[in-house]
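Working notes, beginning with the structure itself.
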Amino acid sequence: MSGNFESNLAKIGVTLPDAPAAAANYVPYVIVGDIVHVSGQIPGTMDGLITGKLGADMTTEEGAEAAKACAINLLAQVKAACGGDLDRLVRVVKLTGFVNSTADYTEQPQVINGASNFLAEALGEAGKHARSAVSAAALPLGIAVEIEGIFQIK
Amino acid sequence: MSGNFESNLAKIGVTLPDAPAAAANYVPYVIVGDIVHVSGQIPGTMDGLITGKLGADMTTEEGAEAAKACAINLLAQVKAACGGDLDRLVRVVKLTGFVNSTADYTEQPQVINGASNFLAEALGEAGKHARSAVSAAALPLGIAVEIEGIFQIK
Amino acid sequence: MSGNFESNLAKIGVTLPDAPAAAANYVPYVIVGDIVHVSGQIPGTMDGLITGKLGADMTTEEGAEAAKACAINLLAQVKAACGGDLDRLVRVVKLTGFVNSTADYTEQPQVINGASNFLAEALGEAGKHARSAVSAAALPLGIAVEIEGIFQIK
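Residue numbers (this note's numbering), protein chains in the order written: chain A, 1 to 154; chain B, 1 to 154; chain C, 1 to 154.
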């Protein structure tokens with residue numbers, strides 16, 4: 001599965017959205033050498049923003065869907081960082097996933113798997129990354145998940 | 001606005017403090033190649049430490065001031081990493097901002113904008129960075145905000 | 001104390017475990033150039049997993065032991081990343097430590113010192129790192145501490 005990440009995405013039914021713009025005095029990504037640092041992405045979808053708090057008002061499965069939405073937005077930013085050619089992506093290096101949860105919720109990894117599984121499916125070996133999965137007491141706009149990422153490009 | 005970041009800082013009324021020392025078996029920054037990783041900075045100011053919890057006992061505006069104080073301390077560390085010459089800073093690459101907040105507070109981005117807006121004002125294009133803004137259940141010493149950063153220098 | 005980190009570890013009575021495997025569609029570490037990004041490590045020990053919430057049901061000293069356990073697992077991953085030769089480690093660059101705590105707990109740095117002190121003792125100057133120490137509302141499996149790290153190798 002080398003190259004042609006876009007067609008893999010199409011096969012699994014995912015179309016990358018236009019890269020969401022940053023909303024303030026920061027930018028969606030910064031490139032240093034062959035590394036792209038992507039700002040924390042939120043689970044915005046065509047059906048709206050996925051909000052909620054794990055352990056309170058949404059299931060782990062719903063959280064995993066939110067994580068997948070974040071990962072799709074991360075890839076959209078990487079594509080923009082690559083001047084529109086996602087096949088310049090070498091690999092996903094690192095994700096940090098923040099899960100909006102109650103103090104007694106312990107399935108953060110299963111939530112962030114929504115992102116990790118999607119990236120493995122879409123990108124194969126290039127999608128396998130280091131990661132951390134932790135809870136945040138709260139997240140912007142009440143979103144369920146926020147994920148930032150580091151990517152290597154060519 | 002290339003070069004002369006120090007004079008820009010003076011124009012906006014900011015004097016960088018001496019770089020706060022780390023308080024334990026770690027260091028304020030580590031340089032690897034042209035990248036500086038700066039330890040999480042706290043909102044220490046000449047008037048003391050800005051403590052509080054967003055959503056409970058301080059306003060978003062007060063939180064943004066705390067974020068600005070963290071950003072000033074980040075720049076002080078970068079200046080130290082540059083051997084005292086801040087103009088060796090190429091750009092701010094990435095910030096991760098942790099906001100001490102209640103579980104239902106959702107204005108983390110507006111808080112961290114206090115740092116982002118300051119960096120854009122002080123450094124122009126070089127100040128524009130990728131970032132994440134999330135809540136922490138609690139922070140050291142009860143501080144309102146903690147921000148870590150990655151910077152490119154020459 | 002250049003080289004021979006393994007014998008230093010032996011002197012302080014620490015044997016690195018086999019590197020824990022990742023439990024999902026991600027990997028324990030990713031190498032990019034001379035940098036290793038290690039996934040968030042949990043405080044798994046030969047006596048089991050250290051769980052608990054600081055400020056509620058465990059002491060800061062117990063939290064520091066959990067942080068040390070995370071650091072040992074980080075080094076185990078770095079050793080694996082170095083093909084089994086820990087002396088290829090150049091230095092610890094950055095740690096981010098997440099402490100499972102109540103909303104009013106403020107000794108995150110003292111907890112993460114359990115990792116920082118261990119690394120300084122085991123690795124000397126090479127063990128001194130930039131770091132952040134923050135609270136997480138909750139952590140996977142109820143663990144007390146999770147720490148991710150960035151390392152430089154040769």
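Think of the CB as a built atom: it goes at the ideal place given N, C-alpha and C, for glycine as much as any other residue.
> Can you list, in chain order, the residues of its chain whose CB lies under 8 Å from that of A158/A, leaving out five sequence neighbours each side?
Replying inline: What is shown of chain A runs 1 to 154, which leaves residue 158/A out entirely.
> Residues bridged to R91/A by DSSP?
Replying inline: Here residue 91/A corresponds to residue number 91 of the first sequence, with the count starting at 1. Beta-bridge pairing links R91/A to Q152/A.
>> For a cutoff of 7 Å on Cβ pairs, would you count L141/C as touching chain A?
In response: Along the third sequence, one-based indexing puts residue 141/C at 141. Yes, L141/C lies at the interface with chain A (some Cβ there is under 7 Å from its Cβ).
> Which residue from S132/C, V30/C, N25/C puts its Cα closest to that of K79/C?
Replying inline: As a first step, residue 79/C must be located in the third sequence, where it is residue number 79. The residue among S132/C, V30/C, N25/C with its C-alpha nearest the C-alpha of K79/C is V30/C.
> Which residue comes first and which comes last in the alpha helix (DSSP H) that contains I112/A?
Replying inline: Stepping through the first sequence from its first residue, residue 112/A is reached at position 112. It spans 108-123 - the alpha helix (DSSP H) in which I112/A sits, taken as one unbroken run.
>> Taking a contact to mean a Cβ-Cβ separation below 7 Å, would you say C70/C touches Q110/C in this structure?
In response: The count along the third sequence starts at 1 and reaches residue 70/C at position 70. The count along the third sequence starts at 1 and reaches residue 110/C at position 110. Cβ distance not < 7 Å, so C70/C and Q110/C don't count as in contact.
> If V32/C sits next to V93/A, beta carbons under 8 Å apart, how far is it from one beta carbon to the other, in whole angstroms?
Replying inline: Your numbering for residue 32/C matches position 32 in the third sequence. Your numbering for residue 93/A matches position 93 in the first sequence. That pair is a contact at about 6 Å.
>> Out of N113/C, I35/C, H129/C, which one is the CA nearest neighbour of Q152/A?
In response: For the purposes of this step, residue 152/A is taken as the residue at position 152 of the first sequence. It is I35/C whose Cα lies nearest to the Cα of Q152/A.
>> Which residues of the segment 65-79 of chain C have a Cβ closer than 8 Å to any Cβ of chain B? Give them in chain order.
In response: The segment 65-79 of chain C vs chain B, Cβ under 8 Å: nothing.
>> Bridge partners for G48/C per DSSP, in chain order?
In response: In the third sequence, the residue the question calls residue 48/C occupies position 48. In DSSP, G48/C forms a bridge with T45/C.
>> Give me the residue from A24/C, R88/C, G142/C, S116/C with the minimum Cα distance to D57/C.
In response: Locating residue 57/C in the third sequence gives position 57, where the first residue counts as 1. The candidate whose alpha carbon is nearest that of D57/C is G142/C.
> Taking all protein chains shown into account, do 16 or more other C-beta atoms lie within 10 angstroms of the C-beta of T96/B, making it buried, or fewer, making it exposed?
Replying inline: For the purposes of this step, residue 96/B is identified with residue 96 of the second sequence, where counting begins at 1. T96/B is buried by the Cβ-count criterion.
>> By the three-class DSSP mapping on this structure, what secondary structure does V14/C have?
In response: As a working note, residue 14/C is residue 14 in the third sequence. Here V14/C sits in coil by DSSP.
>> Just to confirm, is the Cβ distance from A133/A to S135/B under 7 Å?
In response: Looking up residue 133/A in the first sequence gives position 133. Looking up residue 135/B in the second sequence gives position 135. Between A133/A and S135/B, the CB-CB gap reaches or exceeds 7 Å.
> Who are the neighbours of G40/A on chain B, taking C-beta pairs under 9 Å?
Replying inline: What you label residue 40/A is simply residue 40 of the first sequence in a count that begins at 1. The answer, in chain order, is T96, A130, R131, S132, A133, V134.
>> Less than 7 Å between the beta carbons of A130/B and S39/A, yes or no?
In response: Position 130 of the second sequence, counted from the start, is the residue given in the question as residue 130/B. Position 39 of the first sequence, counted from the start, is the residue given in the question as residue 39/A. Yes.
> How would you list, in chain order, the residues of chain A whose beta-carbon sits under 9 Å from the beta-carbon of A144/B?
Replying inline: By 1-based counting over the second sequence, the position of residue 144/B is 144. Scanning chain A for C-beta atoms nearer than 9 Å to the C-beta of A144/B yields nothing, as the closest lies near 13 Å away.
>> Tell me which residue opens and which closes the beta strand (DSSP E) that A136/C is part of.
In response: Taking the third sequence and counting its residues from 1, one reaches residue 136/C at position 136. 130-136 is the extent of the beta strand (DSSP E) around A136/C.
> For I35/A, which residues in chain C fall below 8 Å Cβ to Cβ?
Replying inline: Here residue 35/A refers to the residue found at position 35 of the first sequence. V32, listed in chain order.
> When the cut-off is 7 Å and only beta carbons count, does V27/A lie next to chain C?
Replying inline: Locating residue 27/A in the first sequence gives position 27, counting from the first residue. It does not; no Cβ of chain C falls within 7 Å.
> Out of T51/B, E61/B, A23/B, which has the shortest C-alpha to C-alpha gap to E107/B?
Replying inline: As a working note, residue 107/B is residue 107 in the second sequence. For E107/B, the closest of T51/B, E61/B, A23/B by C-alpha to C-alpha distance is E61/B.
> In chain order, what residues of the same chain lie with their CB nearer than 6 Å to the CB of C82/C, ignoring the 5 residues before and after it?
Replying inline: Counting from 1 along the third sequence, the entry for residue 82/C is found at position 82. When the five nearest sequence neighbours on each side are left out, the beta carbons in the same chain lying within less than 6 Å of the beta carbon of C82/C are those of R88, I153, in order along the chain.
>> Here's a check: name, in chain order, each residue in its chain whose Cβ is nearer than 6 Å to the Cβ of M1/C, leaving out the five neighbours to either side.
In response: Against the third sequence, residue 1/C aligns to sequence position 1. Low confidence applies here, because M1/C scores a pLDDT of 43, under 50, leaving its location unreliable; read the following figure in that light. Correct list, in chain order: G124.
>> Considering just the uninterrupted stretch of the beta strand (DSSP E) at I72/A, what are its terminal residues?
In response: Locating residue 72/A in the first sequence gives position 72, counting from the first residue. Counting along the chain, I72/A falls outside any beta strand (DSSP E), though it belongs to the alpha helix (DSSP H) covering 60-81.
> Can the beta-carbon of A64/A be found less than 7 Å from the beta-carbon of P43/A?
Replying inline: By 1-based counting over the first sequence, the position of residue 64/A is 64. By 1-based counting over the first sequence, the position of residue 43/A is 43. Cβ atoms of A64/A and P43/A: not closer than 7 Å.
>> My assumption, with CB atoms under 8 Å, is that A138/C sits in contact with T102/A. Please give the rounded CB distance.
In response: Start at 1 with the first residue of the third sequence, and residue 138/C comes out as number 138. Start at 1 with the first residue of the first sequence, and residue 102/A comes out as number 102. Under the criterion of beta carbons closer than 8 Å, A138/C and T102/A qualify as touching, at roughly 7 Å.
> With distances taken between CB atoms, is the gap from Q77/C to P28/C smaller than 7 Å?
Replying inline: Translated into the one-based positions of the third sequence, residue 77/C becomes position 77. Translated into the one-based positions of the third sequence, residue 28/C becomes position 28. Yes, Cβ-Cβ distance for Q77/C and P28/C is below 7 Å.
> Skipping 5 residues on each side, what residues in its chain have a beta carbon closer than 6 Å to that of G127/C?
Replying inline: The residue given as residue 127/C occupies position 127 in the third sequence. Around G127/C: V92, L119, A120.
> First and last residue of the beta strand (DSSP E) that includes G30/B?
Replying inline: As a working note, residue 30/B is residue 30 in the second sequence. The displayed chain sequence assigns Val, not Gly, to residue 30/B. Per DSSP, the unbroken beta strand (DSSP E) holding V30/B starts and ends at 29-32.
>> On the criterion of 16 or more Cβ atoms from any shown chain inside 10 Å, does G55/C qualify as buried, or is it exposed?
In response: Here residue 55/C corresponds to residue number 55 of the third sequence, with the count starting at 1. Around the CB of G55/C, 16 or more other CB atoms lie within 10 Å, so the residue is classed as buried.
> With distances taken between CB atoms, is the gap from V145/B to V90/B smaller than 7 Å?
Replying inline: Within the second sequence, residue 145/B is the residue found at index 145, counting from 1. Within the second sequence, residue 90/B is the residue found at index 90, counting from 1. For V145/B and V90/B, no; Cβs fall outside 7 Å.
>> Only counting the same chain, and skipping five residues up and downstream in sequence, which positions put a Cβ closer than 6 Å to that of E148/B?
In response: Numbered from 1 along the second sequence, position 148 holds the residue referred to as residue 148/B. The answer, listed in chain order, is G40, T96.
>> So with CB distances below 7 Å, who are the chain A contacts of N113/B?
In response: Numbered from 1 along the second sequence, position 113 holds the residue referred to as residue 113/B. Within chain A, the residues near N113/B are A24, N25.
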